[in-house]
Amino acid sequence: MNRLLALVLVAGRRLAGGLLLLVGATFLIYFTIRSAPGDAIDAITPMGTPPEVKEKLAADFGLDQEPLAGYVTWLGRSAHGDFGESLVTVTGEEVMTAALPAFRNTLLLSFAALLVCQVLATLLALVLGEPSSRQQVLTGALYFFTAAPSFVAAIFFSQALNAGIRHFVDTNGYEPPDWYPIPIDAKSIMQYVFAGLMLIAGDGLFMDMFNTVRAEISAVRNAQFIAAIRAKGASTAPHTLRNLVVPFISAFAARLPLVLGSVVIVEYFFTLDGAGYLLLEASKQRDFPIVVGLSVLFTLSIIVMNLVADVVRAAIDPREVARNG
Amino acid sequence: MSEPMLTVRDLVIEFDTQAGRRRVVDGVSFSVQPGEVLGILGESGSGKTLSTLAVLGLIPGRPGVVSGEIELTLDGVRHKLLETLPAVVTRSAQGEYRKDDRRWGRMVNRQMRPLWGRAMTAVFQNPKQSLDPLMTIGAQLDESVRLAHPELARPDVRARSLDWLSRVKLHNPPRVHASYAHELSGGMCQRAMIAIALAREPRLLVADEPTTGLDTTVRQEIVELFHELLAAERRAMMYISHDIREVLFLAREVIVMRAGKIVEVATADDLRTGTGVRHPYTRTLLQAADLPVGEAA
Amino acid sequence: MGKFARLGFWLSGLIVLAVIALGCIAPLVPYEPADAVSYDDALVSPSLAHLMGTDEQGRDIAIRLVKGTEAFFLPGLMAAAISIVLGGLTGALTGYATGFFRTAVLGALQLLDTLPRLVFIILVCTIRDPSVMLIAFVAGILFIPTVATVIRRKVESLASEDYILAHIAHGFSPVRVLLHHILWLQCWPILVRQAAFVFGYVLFVETGLSYLGDYGVQEPTPSWGNMVAQVRSLPSDAPWPWLIPAAAIVLTISGFLAFGNLAARRGEEAVR
Ligand SMILES: Nc1ncnc2c1ncn2[C@@H]1O[C@H](COP(=O)(O)OP(=O)(O)OP(=O)(O)O)[C@@H](O)[C@H]1O
Ligand SMILES: [Mg+2]
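Below, the structure is given as structure tokens:
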């Protein structure tokens, strides 16, 4: 009972911290907008934006006020989910109406890729066991190739796929476009699968995860208390698994920001219907309500992930509560 | 003298380190009589812990045990613990051992599973690190009790656990039962660990420097605790320590190790009077403890 | 360190040296992208005249590859310098300091750390004139928390060690001990690793954005990223114009990461 109370306290404190971080992050985002050179509103809208739209925008974002007052206005509106209206990309639509479904896709893709990455890394760690000089050829090569940027990996992948298609499939004179992996419907699930694979295989994610996971597994397996449990004849599996939950969740949460960056480029590469694609498109056309709305969403998801990881950590590891209590 | 319950012969342990292969236990032989205490003395790094871990089949790192014989006699049944070792070890022309560690690990697990706990268990050197940090002391103690007595119902398990906690002289057993390792002091963890090990009711207990890092009064209590608990139930023990007085108090036979080798085998009585002590290191130990040192041989 | 790791260290060191050499030479090579176009020589395969062949516009790929290092070399160095200098200092300070100051700095670091890096870079590019220098500057700032955290952990573990206490007891000023004995003598392997990582990150962002084509380096100025982007229009029997820069990107990023890690490992073995 005592512990539950302590846990609720930790969760409350973390929530407060998360909110504080959110306020801070939105503050940074807002002041990045305000730091625009010259007349902010001209700098951040596309050429030829009608004056009435500019005015509305200036009011929405509090640009016509003192910076701090403007921030409070903007934050107040944002807190209600009102991030203004899209200027170009999906003209006139509420930012969140356009951004939320796209962002859901992105989160789904990122989480799935990260989860599969962690599972694969764990399997490889279990197969390889403790590091040995003989494995270094394999891990070294993996290290080298998975450090490639995801977009380069994606190019190699799609080129190889196309070469394969040209080689094995009689295209009846129809040449599949070289820059596109397979000429299929852009909404097809295969696009997402490929994108997920590239997220796993690129940007050094996999080996980074592998190294962490292997070190954590090895640390628990070689921990003295596991030897003690073995020596008394009890099964070590429940103890090992329980002790791995926290490091695994931490490893997952720690890599989410990296994946949320890679996903932007990968989505653009595969023209997926997601927040990354939308972000780049909007940014290109200076549709800045969308860009700002998405930036806040990305930041929010990182904060929430860390919050969840912290609370789970506190729920499982009593030392965590003691440290924060 | 009856037949020993544990016999170790020519145990050799090697490790691969950054500086290359190192032999850390070099041809160690000893035996433990049923219901008696074998004291193991020796300076830091002399291989005391590893020799006992080899008996438990818990050597960390590779290649680990590379040759030797360990025989455990239990209820008239003889278990040869290293019998399968030659199958995984090959020796090069230069005399260097190679070992298939994964296969060996599987073999050890299969062979030791029925012996761990029931035949022998251990109290390791660092009590805090020997306890699962995510489980209460009670849960871990209950686990031991349940393993020793699967027939017990839940309330009985708990009652017995609390009884064990009071037997190792922990005040307020219910509170300790509900505590986590990080909430207890080193001495309390050590007692809890001893309770967990003894609750498993092993025939042979390995106690690896159970008093190191504790203050003097607590040390005394722990040593006396061992004395009481073992005498009452006639369990055998291997007791490792740096403190010759503790060893002399508990053990009947004593071995002294240095740099991976046994340099002295003597009875506690002989050591107490200094008769027949041959090795200079043993003499230093005796001198340091203000005990009589016999004539150098 | 095993044989294989040593080999990796030297190989990756070679890559790093080569990139640094190219980065230093590149500004000295006269190159006018507009003059280089020569449609008669389009898509010449690698030969003696054109070591790496030419692209669709007949521009020599070898020269563009060398000039392409300009796009990321200085920005990468700048970002690495910003993150390790500021990260190192804040890390050392928070490792040493206590009380409100420490809490405040840690909070600020955590705040920076929650910003999604690439997304924030894109936000900045939307609002200000995008340039690789700006991108690198933002990246350098955003990496401060990463560096500061590892340094802080190290400093915290060192601060209680006897020899550090002894130095202070012997009358060395704490600032000197912190900067020289802790940061310089003990943390350099960490700093090398982080610097290599940040440099690699800038290369990743620069080539990625240049590949996508809006914020990085714009044609006709060469960047490895926009060279790779030619893949979209190249016929399949002439892959070298994108394959060579793509390989250069992979080699450089992997090389820098590997060098950072292996050099740091060697350093840590030596420091101990
Ligand atoms: N996994 C390992 N890899 C390499 N060397 C090891 C390993 N485990 C132990 N050693 C070495 O083996 C030697 C003997 O270790 P052991 O733990 O048995 O010493 P000990 O006599 O118990 O010392 P202490 O009194 O300090 O506990 C030491 O020199 C140690 O460095
Ligand atoms: Mg020991």
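Chains as they are written, first to last, in my numbering: chain A, 44 to 368; chain B, 16 to 312; chain C, 25 to 296. Where a beta carbon is used, it is the ideal one built from N, C-alpha and C, also for glycine.
Residues whose Cβ lies closer than 7 Å to any heavy atom of ligand 2, listed in chain order: Lys63/B, Thr64/B, Gln140/B, Asp223/B, Glu224/B and Ile255/B. The distance from the Cβ of valine 162/C to that of valine 241/C is about 16 Å, inconsistent with a contact at the 8 Å cut-off. Of the residues assessed, glycine 77/C falls on the buried side of the cut-off, its CB having 16 or more other CB atoms within 10 angstroms. Interface flag for arginine 356/A against chain B is unset, since no Cβ pair is found closer than 8 Å. Within chain A, no C-beta atom comes nearer than 9 Å to that of histidine 164/B; the closest sits roughly 13 Å away. Annotation for phenylalanine 211/A indicates a beta carbon at 7 Å or more from all heavy atoms of ligand 1.
In summary, serine 181/C is exposed, with fewer than 16 beta-carbon neighbours lying within 10 Å of its beta-carbon over all protein chains present. Under the DSSP assignment, histidine 210/A falls in the alpha helix (DSSP H) whose first and last residues are 193-211.
The Cβ atoms of valine 339/A and serine 326/A lie no closer than 8 Å to each other. Pairing isoleucine 28/B with isoleucine 255/B gives a Cβ-Cβ distance that is not under 8 Å. Comparing alpha carbon positions, the residue from Ala105/C, Ile44/C and Ser69/C closest to valine 216/C is Ala105/C. Two segments are said to touch when three or more pairs of C-beta atoms, one from each, lie closer than 8 Å; by this definition the stretch 46-53 of chain B touches the stretch 257-276 of chain B. Tyrosine 239/C sits buried, since 16 or more C-beta atoms from the chains shown fall within 10 Å of its C-beta. Phenylalanine 146/A and leucine 337/A have their C-alpha atoms roughly 8 Å apart. In this structure, leucine 130/B lies away from alanine 277/A, with their beta-carbon atoms at least 8 Å apart. About 7 Å separates the beta carbon of glutamate 310/A from that of threonine 149/A, a gap short enough to meet the 8 Å contact definition. As a beta-bridge residue in DSSP terms, leucine 26/B pairs with Val43/B.
Take the alpha-carbon of cysteine 204/B and the one of arginine 177/A: they are about 41 Å apart. Measuring C-alpha to C-alpha distances from phenylalanine 167/C to each of Asp64/C, Ala29/C and Phe223/C identifies Phe223/C as the nearest. Tyr195, His197, Glu198 and Met208: these are the residues of the stretch 190-210 of chain B whose beta carbon lies less than 8 Å from some beta carbon of chain A, given in chain order. Counting only unbroken stretches of 4 or more residues, the alpha helix (DSSP H) elements lying wholly within the stretch 120-207 of chain B are 152-163, 169-182 and 188-192, in sequence order. Using a CB distance below 7 Å, the part of the stretch 275-296 of chain A facing chain B consists of Lys275, Gly276, Ala277, His282, Arg285 and Asn286, ordered along the chain. Here the alpha carbon of isoleucine 209/B sits roughly 22 Å from the alpha carbon of methionine 20/B.
Using a Cβ-Cβ cut-off of 8 Å, tryptophan 131/B counts as an interface residue toward chain A, since at least one Cβ of chain A sits closer than that to its own. Contact annotation: valine 43/B and serine 66/B have beta-carbon atoms nearer than 8 Å. Glutamate 293/C and isoleucine 85/C have their alpha carbons spaced roughly 42 Å apart. Of the candidates Gly289/B, Glu279/B, Pro307/B and Thr290/B, Glu279/B places its Cα closest to the Cα of glutamate 58/B. By the Cβ-count criterion, histidine 74/C is buried, with 16 or more other Cβ atoms from all chains shown falling within 10 Å of its own Cβ. Between proline 174/A and chain B, the shortest Cβ-Cβ separation is not below 8 Å.
Per DSSP, serine 129/A has no beta bridge partner at all.
Contact with chain C is absent for valine 364/A, since none of that chain's Cβ atoms lies less than 8 Å from the residue's Cβ.
Distances between the C-beta of histidine 257/B and the heavy atoms of ligand 1 include at least one below 7 Å. DSSP places tyrosine 254/B in the uninterrupted beta strand (DSSP E) bounded by 251-255.
Residue nearest to methionine 252/A within the set Gly113/A, Leu166/A, Leu62/A and Thr140/A is Leu166/A (criterion: CA-CA distance).
DSSP places glutamate 86/B in the strand class (E or B) of the three-state scheme. Listed along chain A, the residues sitting closer than 8 Å to aspartate 238/C by beta-carbon distance are Leu323, Ser326 and Lys327.
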